[in-house]
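Sequences listed follow chains A and B, in order.
Using this note's numbering, you'd call the opening residue of the first sequence number 1085 and step up by one each time.
Using this note's numbering, you'd call the opening residue of the second sequence number 97 and step up by one each time.
Heads up, the beta-carbon is just placed ideally off N, CA and C, and yes, glycines get one too.
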Amino acid sequence: MGTTMLDARIPSGPIEQKWDNCRFEMKLVNPANRRKFSIIIVGSGLAGAAAAASLGQQGYQVHCFSYHDSPRRAHSIAAQGGINAAKNYRNDGDSIYRLFYDTVKGGDFRAREANVYRLAQLSVNIIDQCVAQGVPFAREYGGLLDTRSFGGVQVSRTFYARGQTGQQLLLGAYQALEEQIAAGTVKMHSRCEMLDLVVVDGRARGIVTRNLVTGAIECHAADVVVLATGGYSNVFNLSTNAKASNCTAIWRAHRRGAFFANPCFTQIHPTCIPLTSEHQSKLTLMSESLRNDGRVWVPKKKGDQRSPNEIPEEDRDYYLERRYPSFGNLVPRDIASRAAKEICDEGRGVGSSGQGVYLDFRDAIQRMGLEVVREKYGNLFEIYEKITGEDAYKVPMRIYPAPHYTMGGLWVDYHLMSNVPGLFVGGEANFSDHGANRLGASALMQGLADGYFIIPATVPNYIAANPLAKVDTSHPAFQAVKADVEKRISTMLSINGKRSAESFLRELGKLVWDDCGMARSEQSLQHALAEIPKLRDEFWHNLRVIGTGEELNQSLEKAGRVADFFELAELLCIDALHRKESCGGHFRVEYQTPDGEARRDDENFSYCAAWEWKGEGVAPELHKEPLTFEYVHLTQRSYK
Amino acid sequence: MNLFLKIWRQSRKDAPGEFKEYQVRDITPDMSFLEMLDALNEDLNARGEPPVAFEHDCREGICGSCGFLINGVAHGGQRGTTVCQLSMRFFKDGDRLTLEPWRASAFPIIRDLVVDRSAFDRILQAGGFISAPTGSAPDANAILVPKEAADTAFDAAACIGCGACVAACPNAAAMLFTSAKLTHLNKLPQGQPQRDQRTLNMAAAMSREGFGSCTNHGECEAVCPKEIPIEFIGNMNRDLIRAAWKRRREPLTLSESPKDER
């Protein structure tokens, strides 16, 4: 394995001044010259829409791509709970430094300090920006903003819009984007899927897309390419991600040279509705905010068949409150998920499958009254009732962990630029700020920090600092990539086997979940690494896609995405196998403390693992970016 | 349970369409309506027939991608529910269900149950925003918003842009959609400076896109998966009169048709 050192371009100076220093040192583009530069942004979620709108406002020619019919459909819309900001409006001891500290600790010391500090600084500006756009955050009677607390912290810093915060923030960014589209600074390419990246003379200079309605394969050239295409939880097939969420954009960029960092850092969210049948197409999240007022428990006795309301207090095990008295039900996600798994593995799980624990609002309703609970969580209780047919005001919810978010992603430096010059990556698609575990209400914060504030500062600097030769789509590099894309599509259409892409993803997802999900071992990972290539081989020989490439063909879209998930799944397992420690969402059963907590190995694994693609069937090469902690002292995380 | 489906099949925008009949078997009550269609498509794929195209993404009722008519009712008739959240518990063995796309000239059919709703984006482009360029915002708590205004704005902002209101309206009006965005932005203090311009421009965009006008049938409210109330259309009409009455500047200029191609 190689030892190339990656340059993260972390600015000089004390941590409080790094972002200011960085911005001062950046080169600027004269307003009159901005319209001469073009920027491609792939994805229209929080990071993509915010970046497109902000760069459009500055005067660049922006082209934004989305495979949806409208930018408003991006999966950011489904985020429920809230967005963190170190405003300290509650006067409860919060500060930028505390948000920074909580995030580094919550990420189990596998994030870059300088990035996290900047995120905490920008959190304050994000709330200001969103309020100015008219995002209807929850308010108190005096007209001031309301906040609530969230997992992994002891202050109240989460701003929210009922249980639909992601929707409201995305609509804010979407409306800003639509304003720029009307102004002509942004050209929106809807129903247009990026299928490959084009690199010319070592720089990212464009993309190749498929028009999902006509099937046309098209080349687009620009000075900069920004990917904001989300995470890859659907590699597990069943996850809380939207059905179309996929890894194709980042995976294709990886194959063109961008390093993929920490793929094994995946987050399993503790509060999802348990799986009920094998036909189920996705898992539904119940916001973590429910853990503010809901209490998690299981029966003390194995196989207790009584209905939950008949189980008296003394026969209940409020296991999170018991094991973690100071954080209780608000421990971070990785810890809550693992605790639920252990309880169910012991045979104390509830529900028909035994894969579930109760989340009970009885005490909250007694304490605050039904109306207050309804006001805070009404829409979540409705979602629960629609799916399960049960009224959670009367019987406790049943919840179980599910894949939800991926901390890993394309490697980026402090400027959010990948190792391929000119290729920037924002939001969940990059590996950036959450280390090995993301705290609740931090995804929206990071997506918007990247989109509104970081990319609109660092992309212009790149443009100003680098003389970029004129390149258009007639360049042979574009034609070569286009030919690759066309060949791949025609291959998928011509296999004419027996199985749908959907059925392959179901099988792959189950394999990855069983072997590389909440608990991983050398043995399970070796098993997955032996099975994935066999299944992938079958995919390329037995896939059946009906129809042609010259029409709206949802099976063909799916097949391309599943093909990329196969390759990513393998890298995910390779990374998990190489990281011989447990940290955050990555739990290796061989590395745990006597009381079952994750045991990190800072001596040997305090680095970010960035993998380089070396070709099909060739082992990827590991590059390490060492992580140093000057401000937050490395300790074993304790929430007891 | 077993069901009989009659589904609109149309291969592309300008091709003729027709209803085709299908049978689905062994559907369980814990499946969602779209999971039932997944099963049908898996079957069609195995038989070498083109699967039914329908839009969907989040499958938890928030992205607004999904939607079609089931026996003439947008999203299938369970109150406050998108078709992705509609459970098969709602149906019984032997039911005959007719599935059609949204029918409105402003929503051309792309394929099967998929329609083009980009007209909604263009209505938003005409004024569905508060101009606040990045970096220009004052401290968030410097703007006080009365709780009632914030709550009403939220209720209106809950619209997911699915298009059911248009599909249910005998006039194919987009008034519920447009009025929801206007109520959201016009209720807030931040939205006041652009209020009149926004209202006039979005109303003009609505007609330009070929949507009809409201004649108070109330079908939109009945099918809205987010239960947006028809009162918001009243708000919109009041704001329209207000804007026309109290012009700030003469002559008032309305925005041109956006440059985006159809």
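Over what stretch of residues does the alpha helix (DSSP H) that includes residue i continue unbroken?
i                   : result
Phe-216 of chain B  : 214 to 221
Gly-1290 of chain A : Element bounds for Gly-1290 of chain A: not the alpha helix (DSSP H) but the beta strand (DSSP E), 1287 to 1295.
Trp-104 of chain B  : Element bounds for Trp-104 of chain B: not the alpha helix (DSSP H) but the beta strand (DSSP E), 99 to 105.
Thr-1472 of chain A : 1454 to 1472
Ile-1265 of chain A : 1249 to 1267
Asp-1418 of chain A : 1417 to 1429
Lys-1708 of chain A : First-last for Lys-1708 of chain A: 1705 to 1710, but that is the beta strand (DSSP E), not the alpha helix (DSSP H).
Val-262 of chain B  : 260 to 264
Cys-1214 of chain A : 1197 to 1216
For residue i, does the count of other Cβ atoms within 10 angstroms reach 16, so buried, or fall short, so exposed?
i                   : result
Leu-101 of chain B  : buried
Phe-340 of chain B  : Reading off the sequence shown, one finds Ala at residue 340 of chain B, where the question assumed Phe. Per the 10 Å Cβ criterion, exposed.
Leu-240 of chain B  : exposed
Thr-248 of chain B  : buried
Arg-358 of chain B  : Unreliable positioning characterises Arg-358 of chain B in this predicted model, as indicated by a pLDDT of 39, which lies under 50. The coordinate reading is nonetheless provided below. So Arg-358 of chain B ends up on the exposed side.
Val-1702 of chain A : exposed
Ala-238 of chain B  : exposed
Ala-1567 of chain A : exposed
Phe-1108 of chain A : exposed
Arg-1294 of chain A : buried
Trp-1495 of chain A : buried
Lys-342 of chain B  : exposed
Glu-327 of chain B  : exposed
Gly-1086 of chain A : Legend: pLDDT at Gly-1086 of chain A = 44, less than 50; position of this residue unreliable, value from coordinates given subsequently. Classification for Gly-1086 of chain A: exposed.
Gln-1364 of chain A : buried
Between the alpha carbons of residue i and residue j, how many angstroms are there, rounded?
i                   : j                   : result
Gln-1251 of chain A : Asp-1091 of chain A : 36 angstroms
Glu-244 of chain B  : Asn-1114 of chain A : 45 angstroms
Asn-1727 of chain A : Glu-1681 of chain A : No answer is possible for residue 1727 of chain A: it lies beyond the span of chain A, which begins at 1085 and ends at 1724.
Trp-1695 of chain A : Gly-1341 of chain A : 10 angstroms
Gly-1290 of chain A : Met-1576 of chain A : 24 angstroms
Glu-1430 of chain A : Lys-1385 of chain A : 10 angstroms
Gly-1129 of chain A : Arg-1390 of chain A : 45 angstroms
Lys-1271 of chain A : Pro-1220 of chain A : 28 angstroms
Glu-196 of chain B  : Gly-1631 of chain A : 21 angstroms
Val-1565 of chain A : Val-1292 of chain A : 7 angstroms
Gln-1164 of chain A : Thr-1249 of chain A : 5 angstroms
Arg-1182 of chain A : Met-302 of chain B  : 48 angstroms
Gly-1699 of chain A : Lys-1571 of chain A : 17 angstroms
If you compare alpha carbons, which of the options is closest to residue i?
i                   : options                                           : result
Arg-1223 of chain A : A:Lys-1460, A:Lys-1327, A:Arg-1522 and A:Ile-1395 : A:Lys-1460
Leu-193 of chain B  : B:Phe-115, B:Ser-107, B:Asp-335 and B:Phe-307     : B:Phe-115
Ile-386 of chain B  : B:Thr-279, B:Ile-326, B:Phe-150 and B:Asn-167     : What the structure shows of chain B is the stretch from 97 to 358, and residue 386 of chain B is not part of that stretch, so it cannot be assessed.
Met-1370 of chain A : A:Thr-1332, A:Ser-1317, A:Leu-1464 and A:Gly-1341 : A:Leu-1464
Tyr-1489 of chain A : A:Lys-1189, A:Ser-1323, A:Phe-1713 and A:Arg-1119 : A:Ser-1323
Asp-292 of chain B  : B:Ala-246, B:Ala-264, B:Ala-222 and B:Ile-324     : B:Ala-222
Ile-1167 of chain A : A:Phe-1234, A:Leu-1374 and A:Arg-1119             : A:Phe-1234
Asp-1186 of chain A : A:Leu-1203, A:Ser-1437, A:Leu-1311 and A:Tyr-1173 : A:Leu-1203
Ala-1520 of chain A : A:Asp-1659, A:Pro-1383, A:Pro-1617 and A:Pro-1540 : A:Asp-1659
Thr-1360 of chain A : A:Arg-1482, A:Arg-1645 and A:Leu-1229             : A:Arg-1482
The beta strand (DSSP E) with residue i in it runs from where to where?
i                   : result
Cys-310 of chain B  : From DSSP, Cys-310 of chain B is part of no beta strand (DSSP E); its letter is neither H nor E.
Trp-1381 of chain A : 1379 to 1383
Val-1270 of chain A : 1270 to 1273
Cys-1303 of chain A : 1301 to 1305
Val-1310 of chain A : 1308 to 1311
Leu-1281 of chain A : 1276 to 1284
Glu-1654 of chain A : Glu-1654 of chain A -> not in any beta strand (DSSP E); alpha helix (DSSP H) instead, spanning 1638 to 1662.
Arg-338 of chain B  : First-last for Arg-338 of chain B: 327 to 341, but that is the alpha helix (DSSP H), not the beta strand (DSSP E).
Lys-116 of chain B  : 114 to 120
For the ligand MG, is there any heavy atom lying closer than 7 angstroms to the beta carbon of residue i?
i                   : result
Arg-1294 of chain A : Absence of the ligand MG from the depicted structure is noted, as is the absence of any ligand whatsoever, leaving it without description.
Which chain E residues sit within Cβ distance under 8 angstroms of residue i?
i                  : result
Asp-235 of chain B : In the structure shown, chain E does not exist; the protein chains are A and B.
> Looking at chain B, which residues of the segment 1201 to 1219 of chain A have a Cβ within less than 7 angstroms of any of its Cβ atoms?
Replying inline: Of all residues in the segment 1201 to 1219 of chain A, the ones placed with a Cβ closer than 7 angstroms to any Cβ belonging to chain B are Ile-1211, Asp-1212, Gln-1213, Val-1215, Ala-1216, Gln-1217 and Gly-1218, in chain order.
> Given a limit of 8 angstroms on CB to CB distance, which residues of the segment 1135 to 1154 of chain A reach chain B?
Replying inline: The residues in question are Ala-1137, Ser-1138, Gln-1141, His-1152, Asp-1153 and Ser-1154.
> Closer than 8 angstroms, Cβ to any Cβ of chain A: which residues of the segment 146 to 161 of chain B, in chain order?
Replying inline: Listed by position, the residues of the segment 146 to 161 of chain B near chain A (Cβ gap below 8 angstroms) are Pro-146, Pro-147, Ala-149, Glu-151, His-152, Asp-153, Cys-154, Arg-155, Glu-156, Gly-157, Ile-158, Cys-159, Gly-160 and Ser-161.
>> Tell me which residues of the segment 1623 to 1650 of chain A have at least one Cβ-Cβ distance to chain B shorter than 9 angstroms, keeping chain order.
In response: So the close ones are Arg-1628, Val-1629, Ile-1630, Gly-1631, Glu-1635, Leu-1636, Asn-1637, Gln-1638 and Ser-1639.
> Which of the residues in the segment 1326 to 1342 of chain A, read from start to end, lie with their CB under 9 angstroms from any CB of chain B?
Replying inline: Those would be Ala-1326, Lys-1327, Ala-1328 and Ser-1329, in chain order.
> Which residues, in order along the segment 208 to 229 of chain B, keep a beta-carbon less than 8 angstroms from a beta-carbon of chain A?
Replying inline: If the cut-off is 8 angstroms between Cβ atoms, the segment 208 to 229 of chain B has Val-210, Asp-212, Arg-213, Ser-214, Phe-216, Asp-217, Leu-220, Gln-221, Ala-222, Gly-224, Phe-225, Ile-226, Ser-227, Ala-228 and Pro-229 near chain A.
> What residues from the segment 1461 to 1494 of chain A come within 8 angstroms of chain B, judged by C-beta to C-beta, listed N to C?
Replying inline: Within the segment 1461 to 1494 of chain A, the residues whose Cβ lies closer than 8 angstroms to some Cβ of chain B are Glu-1466, Ile-1467, Lys-1470, Ile-1471 and Gly-1473, listed in chain order.
> Residues in the segment 308 to 338 of chain B with C-beta within 7 angstroms of chain A's C-beta atoms, listed in sequence order?
Replying inline: Taken residue by residue, none of the segment 308 to 338 of chain B has a beta-carbon sitting less than 7 angstroms from a beta-carbon on chain A.
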